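Read through the structure below, which is laid out as structure tokens, and then see the notes.
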Amino acid sequence: MKKIFMSDIDGVLANFDDCFSEYAKRKIPNLPAPDLSQYDFKKRYPSIEAEIEQVWQDFIKDDHFSEIKPYPGAQKVSYFEPVIITARPESSRAATASWLSKHGFYYKDLILEYDKKKYADPQMLRAYFEDRPDYLQQFANAGVPTFKRVHPYNAGITGKNIIPFTSWNLIPVKYILTRFPE
Ligand SMILES: [Mg+2]
2 MKKIFMSDID GVLANFDDCF SEYAKRKIPN LPAPDLSQYD FKKRYPSIEA EIEQVWQDFI
62 KDDHFSEIKP YPGAQKVSYF EPVIITARPE SSRAATASWL SKHGFYYKDL ILEYDKKKYA
122 DPQMLRAYFE DRPDYLQQFA NAGVPTFKRV HPYNAGITGK NIIPFTSWNL IPVKYILTRF
182 PE
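When we follow my numbering, the leftmost residue of the sequence shown carries the number 2, and every step to the right adds one.
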């Protein structure tokens with residue numbers, strides 16, 4: 002079986018944080034400044050954990066995923082013909098698929114799965130693109146070459162198999178296709 006590339010969406014292809022922050026500001030007047038060194042929203046806004054959880058539930062329920070903007074150049078991921086994997090809930094499948102198509106992403110398949118670790122297999126994956134600290138660690142520990150989209154909240158995740166990148170404009174497609182063969 003041929004090996005494949007895999008990529009996350011939020012924080013990698015899509016600027017989820019800006020969209021969610023804007024939404025939270027509309028919902029919560031006097032929203033405190035977030036602690037961006039934290040991945041988890043509830044830890045980003047520790048003084049208003051319960052309100053932020055409610056904002057997140059409303060964000061999902063009203064399907065605001067369609068408002069998220071792609072990062073500049075993120076469509077470059079299409080050159081890797083990736084399987085897209087996201088921890089978004091299954092209820093957001095239609096919105097997610099239409100977002101990918103509307104913004105010009107080409108991909109083999111779309112998987113909505115919270116427990117991504119089951120795909121952390123170097124026999125199956127050529128490389129993986131992710132931003133969330135625990136997933137990064139799981140894939141890298143399993144031996145998968147793991148591209149980390151750099152954010153303040155994943156600064157501590159370094160080491161073997163972790164390849165940081167700050168922008169899709171800096172991703173060397175041809176080199177990666179050769180370096181991580183099928
Ligand atoms: Mg993500």
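Backbone N, C-alpha and C fix where the C-beta goes; we use that ideal spot for every residue, glycine too. Please read these numbers as outputs of a predicted model, since none were measured by experiment.
Query raised in the report: For A38, is the classification buried or exposed, using 16 other Cβ atoms within 10 angstroms of its Cβ as the cut-off for buried?
Result: Locating residue 38 in the sequence shown gives position 37, counting from the first residue. First, the residue type needs correcting, since residue 38 is Ser and not Ala in the sequence shown. S38 is exposed by the Cβ-count criterion.
Requested in this report: Report yes or no: do the segment 108 to 118 and the segment 66 to 83 share at least 3 C-beta pairs separated by less than 8 Å?
Outcome: yes
Query raised in the report: Where DSSP assigns a beta bridge to E131, which residues make up the other side?
Result: Walking along the sequence shown from the start, residue 131 turns up at place 130. Paired residue(s): K149.
**Report entry** One or two residues paired with L126 in a DSSP bridge
**Finding:** Residue numbering aside, residue 126 sits at position 125 when the sequence shown is read from its first letter. The partner list for L126 (beta bridge, DSSP) reads I5.
**Report entry** Residue ranges of each alpha helix (DSSP H) within the segment 20 to 104, 4 or longer
**Finding:** Note on the segment 20 to 104: whole alpha helix (DSSP H) runs with a minimum of 4 residues are 42 to 45, 50 to 62 and 94 to 103, in chain order.
Query raised in the report: Ends of the beta strand (DSSP E) at I164?
Result: The residue labelled residue 164 in the question sits at position 163 within the sequence shown. Residues I163 to F166.
Query raised in the report: Within 7 Å: the Cβ of G12 and any heavy atom of ligand 1?
Result: For the purposes of this step, residue 12 is taken as residue 11 along the sequence shown, with counting starting at 1. Yes; taking the cut-off as 7 Å, the Cβ of G12 has a heavy atom of ligand 1 nearer than that.
Report task. Just mark S168 as buried or exposed, buried being the case when its beta carbon has 16 or more other beta carbons within 10 Å. Result -> Along the sequence shown, one-based indexing puts residue 168 at 167. Exposed is the call here.
Query raised in the report: Would K118 pass as a contact of Q139 if the rule is Cβ separation under 8 Å?
Result: As a working mapping, residue 118 is identified with position 117 in the sequence shown. As a working mapping, residue 139 is identified with position 138 in the sequence shown. At the C-beta level, K118 and Q139 come within 8 Å of one another.
Requested in this report: With a cut-off of 8 Å on the beta carbons, I'd call K149 and D132 a contact; round off their distance for me.
Outcome: On the sequence shown, residue 149 is found 148 positions in, with the first residue counted as 1. On the sequence shown, residue 132 is found 131 positions in, with the first residue counted as 1. So it is a contact: roughly 7 Å between Cβ atoms.
Query - Reference I49; option with closest CA among D63, N142 and N31 - result: As a position in the sequence shown, residue 49 is number 48, starting the count at 1. Of D63, N142 and N31, the residue nearest in Cα terms is N31.
Report task. Would you grab the beta carbon distance between I5 and K77 for me? Rounded to a whole angstrom, and I think it's under 8 Å. Result -> Against the sequence shown, residue 5 aligns to sequence position 4. Against the sequence shown, residue 77 aligns to sequence position 76. Not quite, the Cβ-Cβ distance comes to about 17 Å (not below 8 Å), so this is no contact.
Query raised in the report: So is the beta-carbon of D9 under 7 Å away from any non-hydrogen atom of ligand 1?
Result: Reading the sequence shown from its first residue, position 8 is the one you call residue 9. Yes, ligand 1 has a heavy atom inside 7 Å of this Cβ.
Requested in this report: In the DSSP assignment, find the alpha helix (DSSP H) that holds L178 and state where it starts and stops.
Outcome: Looking up residue 178 in the sequence shown gives position 177. Here the alpha helix (DSSP H) through L178 covers V174 to R180.
Query raised in the report: Taking all protein chains shown into account, do 16 or more other C-beta atoms lie within 10 angstroms of the C-beta of A34, making it buried, or fewer, making it exposed?
Result: For this step, residue 34 is matched to residue 33 along the sequence shown. Answer is exposed; the Cβ neighbour count stays below 16.
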